[in-house]
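Participant: Residue numbers (the working numbering), protein chains in the order written: chain W, 15 to 541; chain Z, 4 to 330. Glycine included, C-beta positions come from ideal geometry on N, C-alpha and C. All figures in this text were calculated on a predicted structure; none of them were measured in a lab. Sharing a structure below in structure tokens format, with a few things to ask.
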Amino acid sequence: MALETRVIEEFRSELRSVDINEAPYDKQGYHLAIEARTGNLQNIVDFFDKREFYIVDLFCVDYQDYLELVYFFNTHRELCRIKVTLKLDPEKPVAPTISNIYPMASWYEREVHEFFGVYFEGHPNLTYLFLHDGIDHYPLRKKHVPVPDEDKKLLNSFKPQEEEDCFFINLGPQHPSTHGVLRVVLKMDGEYIISADPVLGYLHRMHEKMAEKKSYAQFLPNPARMDYPGALLFNLAHVETVEKLCGIEVPERAKYIRTITCELNRIASHLLWLGSFPADLGGLTPFLYAFDDRENILDILEDVTGSRLTYCYFRFGGLYNDINEERFVSATKRFVERMRKRFDMYDKLITGNVIFINRITNIGIMEQAMIRKYGASGPFTRSTGIPFDMRKVDPYAAYGSIDFEIPTGHIGDNMDRYRVRMKEMEISLNIIEEGIKKLPQGPFKAEKVPKKLKPPKGDIYNAVESTRGETGVYIVSDESDTPYRMRWRVPSFSNLMTFPYLAQGVLIADAIATLGSYDIVVPEMDR
Amino acid sequence: MLNDLNTLMQIVGKEVVRTVLGLIGVFIVVLGNAIVLTWLERKVAGHIQRRIGPKEVGPYGIIQSFADSVKLLGKELLTPANVDRPLYFLAPSLIFVPVLVSFVVIPFDGFLQVKDINVGILVILAFSSLTVLSILIAGWSSANKYSLIGSVRSVSQNIAYEIPLLLSLLSVVFMTNSLSLRDIAEAQKGLWFVFYQPVAFLVFFVAGVAETNRTPFDLPEAESELVAGFHTEYSGMRFSLFFLAEYTNMFIVSAIAVTFFLGSYQGPVLPGVVWFFIKTYALVFILLWFRWTFPRVRFDQLLNFSWKILIPVSFLNLLVTGGILKL
Chain W
15 MALETRVIEE FRSELRSVDI NEAPYDKQGY HLAIEARTGN LQNIVDFFDK
65 REFYIVDLFC VDYQDYLELV YFFNTHRELC RIKVTLKLDP EKPVAPTISN
115 IYPMASWYER EVHEFFGVYF EGHPNLTYLF LHDGIDHYPL RKKHVPVPDE
165 DKKLLNSFKP QEEEDCFFIN LGPQHPSTHG VLRVVLKMDG EYIISADPVL
215 GYLHRMHEKM AEKKSYAQFL PNPARMDYPG ALLFNLAHVE TVEKLCGIEV
265 PERAKYIRTI TCELNRIASH LLWLGSFPAD LGGLTPFLYA FDDRENILDI
315 LEDVTGSRLT YCYFRFGGLY NDINEERFVS ATKRFVERMR KRFDMYDKLI
365 TGNVIFINRI TNIGIMEQAM IRKYGASGPF TRSTGIPFDM RKVDPYAAYG
415 SIDFEIPTGH IGDNMDRYRV RMKEMEISLN IIEEGIKKLP QGPFKAEKVP
465 KKLKPPKGDI YNAVESTRGE TGVYIVSDES DTPYRMRWRV PSFSNLMTFP
515 YLAQGVLIAD AIATLGSYDI VVPEMDR
Chain Z
4 MLNDLNTLMQ IVGKEVVRTV LGLIGVFIVV LGNAIVLTWL ERKVAGHIQR
54 RIGPKEVGPY GIIQSFADSV KLLGKELLTP ANVDRPLYFL APSLIFVPVL
104 VSFVVIPFDG FLQVKDINVG ILVILAFSSL TVLSILIAGW SSANKYSLIG
154 SVRSVSQNIA YEIPLLLSLL SVVFMTNSLS LRDIAEAQKG LWFVFYQPVA
204 FLVFFVAGVA ETNRTPFDLP EAESELVAGF HTEYSGMRFS LFFLAEYTNM
254 FIVSAIAVTF FLGSYQGPVL PGVVWFFIKT YALVFILLWF RWTFPRVRFD
304 QLLNFSWKIL IPVSFLNLLV TGGILKL
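And the structure:
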């Protein structure tokens, strides 16, 4: 029996008063849809918590007549995506918090609060997460809704309080090891961290609002600006979602080229991390070695896509242009061969060093049970031993016809996260090699894709496995040529949410090592 | 020329002339060393990281250090608003005093030594402990939490590592019955002390790396944790004085290691001073090599390593040395 039928049966027997409907997965990207009410939301969420679902995303859509809160749940065992919606009165939107069940919801609820003005009853800390002083209306509402004065006070209440026997340190936004402009307010007792409180928004550009003002094609370059080290994968997430929404069939050749270039990009992104992680621990040399390898990938991808960092190569229904097969295949094969030999060197340079080993083993241990509470994903999840990979559970592009394994760790410490990423690079090489072997001939682009896409009415959620984890796009279409709402579920955001949990009570040096092992990308988090 | 010098010596006394000339020589060595080391560090780092390093200014980029120092001289001296001004200004100059004093007693060869004091090594150890004072002053006066953490780390690190440093040198002193560096150098005419005291040499060198705040023990200025540690708020020439002191300290630690364990200026064919510099820079090169290969240890690991490993080992070594000498 499929998981969704089991869920339906249990759900109906436990919560009689609530409707549960099956949804066409191929068209909408989720199996079940539930309409909750303010009164029974907690019970519904509790139901999924008991069945070990993890929370994928929480966001809001403004339908003018009403606001709709959307909760997505899924399991790590198999794919069973569930959408729970909650309608709110736009005049006075109040919803119960679920942060007492899923701690991860705390950040998402803050986000919804500052962008839509939804109040969450019982939320411990409803302050600004992205935005800072000075906004006077809720940016993602369709109508102009001014921020009331008492709400402004509430949002601005984040002020570090000086106390006895401790002091505050601002780690960032300008700091060598926050990889950009992440700011973490650390409450310190000597060298030990009492609590860590990330402050986001220094690179916030409101891509979700931008999407509402642009046609689908015009938004193509934007995703690359979110996750710049893994630009192609974000490009893919956007393109695949729109294709699914419009029902565009992609030719096989394009699928394979997408897979190969995406895996190249994944290795490039992991190499960037491989360089910066030891640098966080004080070893600056691996950085240059990793960049040496990364340079090779950038050369290959430059030849294919025309750019070196913020790629915009995939189009709806295919690719921007075909590859020069001779040049591409020989260059890629050369790279794969070279890269395979380099792993031994990295092992000697990094994992062969006793200082490095002592700095990362048994540091920053993430329990497997907590992963689903925080909705973490990607290598971060796999390092705790959960073999969850969107490429495997819901194959997209050509991943369905390529065989590959999913590396997992054991205890989820920094060493495991390091090992999983290293292994992932090796597996990506295998995928690339097999993809090249199977690369079919044929068109690289679907025919008759209209210039101006006007997808049918409806919503869709689609996720790909980007370098950092599950990257999901949720689109609501109203039959116009611009999306009514586009929501990005980014992995760094939910992964970073575990940082306050892991940083509690550890040395500042360990916290930095843990932060380095996350492989966060700030523009992706801030969107 | 030589006549003039002789007359000068007769007028003001031999000792004074020797001291003045020696101090001028020390200055030249200190500045020359800093210039060479800046270039060497960048070049070594470059080659370890599969780069070329500086190559534009002069052949092999040799004049790069001069260009750098001109740039540093021309930079604005920023003074942050809340600093404790007298202490803030004092710290960079203060860090240089102990460094210069240490040079006075180091014998570069049989003749080239500013002054041979019969407690030479004590002078060096006593004054090098003062370095930590100026680091503490710098961190305290900067009114910056990163600086403060950096300087506090520095103090506990230096206390922890001075003990094994002293103990390892003591075992050599046991063998020579003298604290004068000249005597110790002369005693190695035959076999170098590193062959009698390999353990002491290793302990000394590791503790020396920690004393000079170099990677893997560069916790006071750990850039990924503390931005730049105690000198976060210093810019321009003030920053470069800290920089200069670090390079000079590297030279001193290597020079002491050479004097105590590697036969000082003793060596065949070449003049003594050449041997001295060759050996010293070989050790300096190893220090650079460390920096560009190792990551940084954690603070508790650093202290544990000293108190639980280095100090017991050096005590045991001292005990064995004493026992053998008594027999």
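#1: Tell me whether the beta-carbon of D403 (chain W) lies closer than 9 Å to the beta-carbon of I420 (chain W).
#2: At 7 Å on the CB atoms, spell out the chain W contacts of V209 (chain Z), in chain order.
#3: Assuming I96 (chain W) contacts H45 (chain W) (C-beta within less than 8 Å), just tell me the rounded distance between them.
#4: From the DSSP secondary-structure annotation, give me the bridge partner or partners of Y68 (chain W).
#5: R542 (chain W) lies in the alpha helix (DSSP H); which residues open and close that run?
#6: Given this structure, state the Cα-to-Cα distance separating L55 (chain W) from P110 (chain W), to the nearest angstrom.
#7: Rounded to whole angstroms, what's the CA-CA distance from A225 (chain W) to F62 (chain W)? Just pull it up for me.
#8: Go through its chain and collect everything with a Cβ distance to P83 (chain Z)'s Cβ below 6 Å, but skip five positions before and after it.
#9: Shorter than 9 Å from the beta carbon of W295 (chain Z) to some beta carbon of chain W?
#10: Along chain W, which residues have their Cβ under 8 Å away from the Cβ of F302 (chain Z)?
#11: Would W292 (chain Z) be called buried (16 or more neighbouring beta carbons within 10 Å of its own) or exposed?
#12: Starting from P201 (chain Z), follow the alpha helix (DSSP H) in both directions and report where the run begins and ends.
#13: Would you decide whether N36 (chain Z) is buried or exposed? Buried here means 16 or more other CB atoms lie within 10 Å of its CB.
#14: Count the other C-beta atoms from every protein chain shown that fall within 10 angstroms of the C-beta of P160 (chain W), then say buried if there are 16 or more, exposed otherwise.
#15: Can you list, in chain order, the residues of its chain with a C-beta nearer than 6 Å to that of H284 (chain W)? Leave out the 5 residues immediately preceding and following it.
#16: Exposed or buried, T512 (chain W), counting other C-beta atoms within 10 Å across all chains shown (16 or more means buried)?
#17: What residues of chain W sit near P101 (chain Z), judged by a beta carbon separation below 7 Å?
#18: Where D40 (chain W) and G49 (chain Z) are concerned, what is the direct C-alpha to C-alpha distance, given to the nearest angstrom?
#19: Please classify T283 (chain Z): is it buried, with 16 or more other beta-carbons within 10 angstroms of its beta-carbon, or exposed?
#20: With a threshold of 9 Å between beta-carbons, can Y294 (chain W) be considered close to chain Z, or not?
#21: Got a sec: which bits of the region 45 to 68 of chain Z sit with their beta carbon under 7 Å from any beta carbon on chain W, in order along the chain?
#22: Any C-beta of chain Z sitting closer than 9 Å to the C-beta of N367 (chain W)?
#23: By how many angstroms is the C-alpha of V230 (chain Z) removed from the C-alpha of G194 (chain W)?
#24: Please list the partners that T299 (chain W) has in chain Z, where partner means a Cβ-to-Cβ separation under 7 Å.
#25: Does the beta carbon of T218 (chain Z) sit closer than 9 Å to a beta carbon anywhere in chain W?
#26: Compute every distance between the C-beta of P187 (chain W) and the non-hydrogen atoms of the ligand SAH, then say whether any falls below 8 Å.
#27: On a Cα-Cα basis, can you pick out the residue from W:Q518, W:T528, W:I534, W:R499 that is closest to K201 (chain W)?
#28: Residues of chain Z with a CB under 8 Å from the CB of N372 (chain W): which are they?
#29: Name the DSSP bridge partner or partners of A109 (chain W)?
#30: According to DSSP, simplified to helix, strand and coil, what is R503 (chain W)?
#31: Tell me which same chain residues have a C-beta within less than 7 Å of the C-beta of P167 (chain Z), skipping the five on either side of it?
#32: In chain order, what residues of the region 225 to 243 of chain W put their CB closer than 7 Å to some CB of chain Z?
#33: Please list, in chain order, the chain Z residues whose beta carbon lies closer than 7 Å to that of D306 (chain W).
#34: Look up R541 (chain W) in the DSSP assignment and say whether it is helix, strand or coil.
#35: Measure the CB-CB distance between G456 (chain W) and R155 (chain W) and report whether it falls below 9 Å.
#36: For F67 (chain W) and E24 (chain W), I'd like the C-alpha separation in whole angstroms.
Facilitator: The short version:
#1: yes
#2: Going along chain W, no residue has its Cβ under 7 Å from V209 (chain Z), so there is no contact; the nearest lies around 13 Å.
#3: 7 Å
#4: W:N88
#5: Missing from the structure shown is residue 542 (chain W); chain W here goes from 15 to 541 and no further.
#6: 8 Å
#7: 31 Å
#8: E236
#9: yes
#10: E205, L521, A523
#11: exposed
#12: 201 to 214
#13: buried
#14: exposed
#15: R435, M439
#16: buried
#17: Going along chain W, no residue has its Cβ under 7 Å from P101 (chain Z), so there is no contact; the nearest lies around 26 Å.
#18: 54 Å
#19: buried
#20: According to the sequence shown, residue 294 (chain W) is Asp rather than Tyr. D294 (chain W) counts as touching chain Z.
#21: I51, Q52, R53, R54
#22: yes
#23: 14 Å
#24: I51, Q52, W295, T296
#25: yes
#26: For the ligand SAH, the structure offers nothing, since it holds no ligand at all.
#27: W:Q518
#28: V300, R301, Q304
#29: W:F134
#30: strand
#31: V206, A210, S309, L313, I314, S317
#32: none
#33: R53
#34: coil
#35: no
#36: 14 Å
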